[in-house]
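Peer 1: The following block contains the structure, expressed as structure tokens.
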């Protein structure tokens with residue numbers, strides 16, 4: 812079944828996607844932490860006048876965390892809809908999904924330290 816390209820449908824799909832991000836912010840307390848940390852990292856990147864390659868790493872890290880948090884929200888919602896009561900396999904799926912977010916956060920924090928640490932220390936006149 813072939814569908815014709817439609818600008819209206821593309822706009823509608825973006826609205827659904829934006830709703831998904833909003834749902835994540837509304838339902839996940841950690842998403843607010845990610846938002847404030849993301850804003851802080853972006854501000855710090857401007858402060859140290861981060862070069863383009865540094866920005867690429869920072870943007871990739873922030874995007875990875877947000878994508879993982881949003882997918883984690885989707886997994887939790889699907890799991891709750893499929894089996895509303897507590898089930899060990901559903902709990903394991905939710906734990907694994909949350910673990911993926913943790914891995915993304917830890918990796919992104921390491922990227923942030925490696926990319927922003929040296930220029931921040933230099934800007935503050937700390938170290939060699």
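Numbering (this note's numbering), first residue to last: 812 to 939. The beta carbon of each residue, even a glycine, is placed where N, CA and C say it ideally should be.
(1) Considering only the alpha carbon of each residue, which of 937, 935 and 920 lies closest to residue 851?
(2) For residue 823, name the three-state secondary structure that DSSP assigns.
(3) Report yes or no: do the segment 909–928 and the segment 862–880 share at least 3 C-beta pairs separated by less than 8 Å?
(4) Are residue 861 and residue 869 close, meaning C-beta to C-beta below 8 Å?
(5) Pick out the complete alpha helix (DSSP H) segments inside the segment 838–926, 4 residues or longer, and give them in chain order.
(6) Residues in its own chain within less than 8 Å of residue 853 by CB, not counting five upstream and five downstream?
(7) Could you tell me the alpha carbon to alpha carbon distance between residue 884 and residue 819, rounded to whole angstroms?
(8) Is it buried or exposed, residue 923, if we count other Cβ atoms within 10 angstroms and call 16 or more buried?
(9) For residue 930, collect the residues of the same chain with a Cβ closer than 8 Å to its Cβ; drop the 5 residues on either side in sequence, then sort them by chain order.
(10) Does DSSP put residue 831 in a helix, a strand or coil?
Peer 2: The short version:
(1) 920
(2) helix
(3) yes
(4) yes
(5) 840–858 and 863–893
(6) 869 and 873
(7) 27 Å
(8) buried
(9) 859, 860, 861 and 865
(10) helix
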